[in-house]
Each structure stands twice: as structure tokens, then as C-alpha cells.
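Trainee: Per my numbering, the sequence shown starts with residue 22, numbered consecutively.
A virtual CB, placed ideally from N, CA and C, is assigned to each residue, including glycine.
Submitted below is the structure of interest, expressed as C-alpha cells.
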Amino acid sequence: MSLDWARIAPALLLLLPPVGLFHGRKVHLRALSRDWEGYWRRTFALPLHYLDLVRGAAGAWLLAAALTPAASAAAQVRHEALALKIALLALAALLQAAVCKERDSAHAPIAFLIGVVIGTAPPLASAFGLVIAVALPLGANSPAAFFPMLAITVPAAGSLFTGRSHLYELITVAVVAIVPWIFTLLFSRDFVSSYRASPKRSISGHVPDQLK
């Protein structure tokens, strides 16, 4: 199988760098299991989430374009391309979760995986699957369930709307979405998410605990 490095190289540059490397002093982390009331505004105000979404979508799209064989390709070639695509996207998702400045924690790459789904799955499957994968965990007050839910809802929506015509893309989403969650189970880590630190400070310059 020949590789299109002109697309694979920029895809890997977008996908592989862990966002945790860019979490500076102004980025704080909070466990998904805690109450997020009062933190949503600062979460959405953090530009890194939007960067994660865009690079996830662009990187996944480039990778798909580089590793989608022609319809006339042999079955072995198609299977090799699928295996390589899943392996690279799974590695990217694992790096996003594993590199975390909070000890004994895993960064929750929610925005990154949303981007990967947009860049990989058919539009209808992405739209319906993502809405359900976000709404149900939030409604149940269990945000960490987003990852296994995403692995179910997008393939289910894709099967409903497209049948087996996008089977490889749906398999890719199912495997990649579950990787960060499996990582937390294997290594006993708690998911944390990033948000922008509050600019409010006391006279001493200390940030009160309730504002972190």
C-alpha cells in the first residue's frame, strides 16, 4: 500500500501534539465528576477548545483523504488502510488524554473527538450522533459517559442513515471514541477538563479556591 505523505504528514502534525502541552498557568483543570455550574462560561472562553475541534476535524479529514483506497482496490489494501487510520487516530486520542498536568488524571479530549467525528463520519451520522452523545451524559450528570456514548451513537446513526456504505468510517469512530475512556479505566485516572482561569484576585494576588 503506497502512502500519500503529502496529506499524512500535515494530518499527523495536526492530530498528534497533545493539547496538555499548551496548558499554561492561565489554564485550570476541573474533574468532570464535579459540579460545573459557574464554570461553563470560562470553559467556552478557552480558545484551546476551538483549536482542538478544528485540528481534530482537519486532521481526520486529511487522514481519511490520504488513506481511502479506490473502490477497485483489493480487500487487503482496504483493510490495511483502515487499520492504519484507526491506529493513528487512536494514538492521537490517547495522547490527548494521557498528557495532563494534573497528577493521576486524564485530560478529557471532548472538543478534539467532536472534531475527529466531523472529519471522519458522514454529516447526518455526525450531527445526530453528537447531539445524543452530548445531551444524554449532561442530562444524566455524567459527562465522562460522553466517550462510550459517542462510540455507540455515531455508528448507530450512521447505520440508520447510510446503511453499510460508510461502514469503515463508523468502525473508526467507534474505536477511536472509546480509547480515552478505556485509558482511564486501565490506569485508574479521573477525567478533567480545562477552563480559563478567573482574572479576579485578592489583594495579595492569590486566586481564591472558589474561583479556580
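Classify Arg51 as helix, strand or coil using the three-state DSSP reduction.
Mentor: Looking at Arg51 - three-state DSSP - the assignment turns out to be strand.
Trainee: Take Pro90 as the anchor and find which of Leu84, Arg99 and Gly77 has the nearest alpha-carbon.
Mentor: Comparing Cα positions, the closest option is Arg99.
Trainee: Leaving out the 5 sequence neighbours to the left and right, which residues in its chain are closer than 6 Å to Leu36 when beta-carbon positions are compared?
Mentor: For Leu36, where only same-chain residues beyond five positions count, the Cβ hits under 6 Å are Gly80 and Ala113.
Trainee: Taking contact to mean 3 or more Cβ pairs, one atom from each stretch, closer than 8 Å, check whether the stretch 115-122 and the stretch 39-56 are in contact.
Mentor: At 8 Å Cβ cutoff, the stretches touch.
Trainee: With H, G and I counted as helix, E and B as strand and the rest as coil, what does DSSP make of Arg210?
Mentor: Three-state DSSP puts Arg210 in coil, outside helix and strand.
Trainee: What is the residue span of the alpha helix (DSSP H) that His70 lies within?
Mentor: Per DSSP, His70 belongs to the alpha helix (DSSP H) from Pro68 to Ala87.
Trainee: Could you check how far apart the C-beta atoms of Ala87 and Ile29 are, in whole angstroms? I think they sit under 8 Å.
Mentor: Their Cβ separation, rounded to whole angstroms, is 5 Å, which keeps Ala87 and Ile29 in contact under 8 Å.
Trainee: In terms of residue numbering, what span does the alpha helix (DSSP H) encompassing Ala165 cover?
Mentor: Note, Ala165: premise wrong, no alpha helix (DSSP H); not H, not E.
Trainee: I need the straight-line Cα distance from Trp202 to Pro143, nearest angstrom please.
Mentor: For Trp202 and Pro143, the distance between alpha carbons rounds to 23 Å.
Trainee: Would you mind stating whether Val155 and Val194 have Cβ atoms separated by less than 8 Å?
Mentor: Contact flag unset, no.
Trainee: Quick check: Ala127 and His70, are their CB atoms within less than 8 Å of each other?
Mentor: Against a cut-off of 8 Å, the Cβ pair of His70 and Ala127 comes out as no contact.
Trainee: Assuming contact is defined by CB atoms lying nearer than 8 Å, are Leu49 and Ala165 in contact in what I supplied?
Mentor: The displayed chain sequence assigns His, not Leu, to residue 49. Contact: no.
Trainee: Please report the straight-line C-alpha distance between Ser225 and Arg46, rounded to a whole angstrom.
Mentor: Because the pLDDT of Ser225 is 43, which lies under 50, any placement of that residue in the model is unreliable, and the number read from its coordinates should be weighed accordingly. Distance between the alpha carbons of Ser225 and Arg46: 18 Å.
Trainee: Mind checking which residues open and close the beta strand (DSSP E) that includes Ser126?
Mentor: Per DSSP, Ser126 belongs to the beta strand (DSSP E) from Ser126 to His128.
Trainee: When you compare only the Cα positions, how much space is there between Leu34 and Glu101?
Mentor: Leu34 and Glu101: Cα-Cα distance of roughly 22 Å.
Trainee: Quick check: Val197 and Leu105, are their CB atoms within less than 8 Å of each other?
Mentor: No.
Trainee: Label Ser209 either buried or exposed according to how many other C-beta atoms from any shown protein chain fall within 10 Å of its C-beta, with 16 as the threshold for buried.
Mentor: Exposed.
Trainee: Would you mind reading off the limits of the alpha helix (DSSP H) that contains Phe43?
Mentor: Segment: none, Phe43 is in no alpha helix (DSSP H) and carries neither H nor E.
Trainee: Going by DSSP in three states, Tyr216 sits in which element: helix, strand or coil?
Mentor: Note: Tyr216 maps to strand in three-state DSSP.
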